[in-house]
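Contents: one structure, followed by commentary.
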Amino acid sequence: MGAGCFTAEAYGLDTETLEWRKWEDGFGTEEHPGPRGWCAFAAGSRDGKEGLLVYGGNSPSNDRLGDIFFFTPESY
């Protein structure tokens, strides 16, 4: 069985309307941490940009990931 499938989809919450919106494709792989599960993450800022620090997790092929990625999506 296992955990199921991972996806590279990303969603954002509009804090004024409290509605979730899917970010459309347009992220290059150099800008997106890619599909993963069981990762650690935290909000933060880097060089004046707000973003999400993503650490490790499992890849879709169940490889253990040890990378660190600071994901800073543009406004949508």
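Everything in the sequence shown is counted per my numbering, starting at 17 for the first residue and increasing by one. Each residue gets a CB set at the ideal place from its N, CA and C atoms; glycine is no exception.
Item	Value
Meets three-Cβ-pair contact criterion under 8 Å: the region 50 to 69 and the region 22 to 38	yes
Residue range of the beta strand (DSSP E) that includes ASN74	65 to 74
Cα-Cα separation between ARG80 and LEU69, rounded to whole angstroms	17 Å
Per-residue burial, MET60 [other beta carbons within 10 Å of its own, 16 or more giving buried]	It is Gly, not Met, that sits at residue 60 in the sequence shown. When all chains shown are included, GLY60 counts as exposed.
GLU32 to ARG62 span [Cα, whole Å]	24 Å
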